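The structure appears right after this line, and notes come after that.
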Amino acid sequence: MLKLMYITNDPEIAKISANAGVDRIFVDMEVLGKAERQGHLDSVKSHHVPQDIRKIRDAIGNKAQILARINPMNPNTKDEVQAAIDNGADIIMLPMWKTAKEVEDFCRFVDARAITMPLLETKEADAALSEVLSLRCADEIYIGLNDLHLSYGQRFMFELLADGTVERLSRQLCEAKMPFGFGGVGRPGGGMLPANYILGEHYRLGSQCVILSRQFCNAALDHDTVRTTLTDGICEVRTKEREFANWDKNDYLENQEKVKQCVQRIVDGMKQQ
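Quick note: to get our numbering, add 26 to the position in the sequence shown (first position is 1).
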């Protein structure tokens, strides 16, 4: 089963999420450069702080892991890592790295006190992946489609899934026995690119985790609605996963073709706007 991640710094929402079956609560402290890169996109731009990690830990105990995304490598990275660890983060994610040296330094700062998860989201990181894997210092890799598609000058983030980029990266990661995940997913049955198709690709490619997007559940809604939406939605995801477990190679290839065709329609529509 995929490890499901949900972004929030609200302790009550975190508690609801963990009880609903979310595996990792995602505290997003990245601010450096994000507005400039993604200001034109309808993407999540959080303003979380290290103290949010402690509040969430107090609320959820050990019901779920806590993932903390820090800023891209900067003069304060060592202190950011320390603050995340001091407040109880289980996993620390480094965004926007471009060299193996940055990943190596990041892992040295963490020093095996938390799970390290470099976020691959630049074309430079793509080019450096083989070197990063040879270091054997990272615990997991996450492929960030929002910034990676911008890095490659694409219009729609799931073009990376349709054009073979995610498949190529997944193959490298699987060969290195490196746990990984990619992108975000909405609730099954919804989305411009149906979530069912995306989830099927996670299984075909060997992914082990995924972020539940804002389209999956809007945390700004009242708590009862969030509780129902998350509980029902996660149940739907787990039901789809049991179906995927019984798929054969042809089923996966058929789903892959649906992804390619749907992405092409979406991109064609964007070009006409």
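Don't be surprised by glycine CBs; every beta carbon is placed ideally from N, CA and C.
Given the structure is predicted, the values throughout are model-derived calculations rather than measurements.
Residue interval of the beta strand (DSSP E) (run including residue i)
| i | result |
| --- | --- |
| Leu219 | Note, Leu219: premise wrong, no beta strand (DSSP E); not H, not E. |
| Phe206 | Phe206 to Val211 |
| Thr142 | Ile141 to Leu146 |
| Met119 | Ile117 to Leu120 |
Enclosing alpha helix (DSSP H) for residue i [first to last residue]
| i | result |
| --- | --- |
| Pro76 | Pro76 to Ile86 |
| Gln108 | Thr103 to Asp112 |
| Ile39 | Pro37 to Ala46 |
| Gln290 | Lys275 to Lys297 |
| Ala126 | Ala126 to Val136 |
| Arg268 | His249 to Phe270 |
| Ala188 | Glu185 to Ala188 |
Closest by C-alpha distance to residue i, when choosing among the options
| i | options | result |
| --- | --- | --- |
| Cys261 | Thr251, Asp274, Pro214 and His228 | Pro214 |
| Asp78 | Asp165, Asn113, Met183 and Arg253 | Asn113 |
| Gln180 | Asp36, Leu58, Thr34 and Met296 | Met296 |
| Tyr229 | Gly259, Arg134 and Leu187 | Leu187 |
| Gly259 | Ile82, Trp123 and Asn222 | Asn222 |
| Pro101 | Lys124, Thr34 and Phe132 | Phe132 |
| Ser239 | Leu58, Cys163 and Gly210 | Gly210 |
| Asn97 | Asp152, Gly59, Met27 and Cys288 | Gly59 |
| Pro205 | Gln234, Thr191 and Glu185 | Gln234 |
| Gln282 | Lys124, Glu193 and Leu146 | Glu193 |
| Val107 | Arg83, Pro76, Gly212 and Ala85 | Pro76 |
| His74 | Thr142, Ser196, Glu280 and Ala109 | Ala109 |
| Pro22 | Ala138, Thr148 and Cys243 | For residue 22 there is no data in the structure shown, the boundaries of the chain being 27 and 299. |
| Ser177 | Leu199, Ile111, Lys203 and Glu150 | Glu150 |
| Leu155 | Ile118, Ala246 and Ala202 | Ala202 |
| Ala126 | Asp54, Asp248, Lys104 and Leu161 | Leu161 |
DSSP-derived helix/strand/coil call for residue i
| i | result |
| --- | --- |
| His66 | Confidence at His66 is low in this model, with a pLDDT of 47, below 50, so its placement is unreliable and the value that follows should be read with caution. Three-state DSSP puts His66 in coil, outside helix and strand. |
| Arg95 | strand |
| Asp54 | strand |
| Tyr178 | coil |
| Arg194 | helix |
| Cys163 | coil |
| Gly226 | helix |
| Cys200 | helix |
| Asp173 | helix |
Identified DSSP bridge partners for residue i
| i | result |
| --- | --- |
| Cys235 | Lys29 and Gly207 |
| Leu155 | Note: Leu155 sits in no beta bridge, so no partner. |
| Tyr168 | Leu145 and Gly207 |
Exercise. Is the segment 89-105 touching the segment 43-56, taking contact as three or more C-beta pairs under 8 Å?
Worked result: They touch, by the three-pair rule.
Exercise. When the Cβ atoms of the segment 267-283 are set against those of the segment 168-176, are three or more pairs found closer than 8 Å?
Worked result: The segment 267-283 vs the segment 168-176: no contact.
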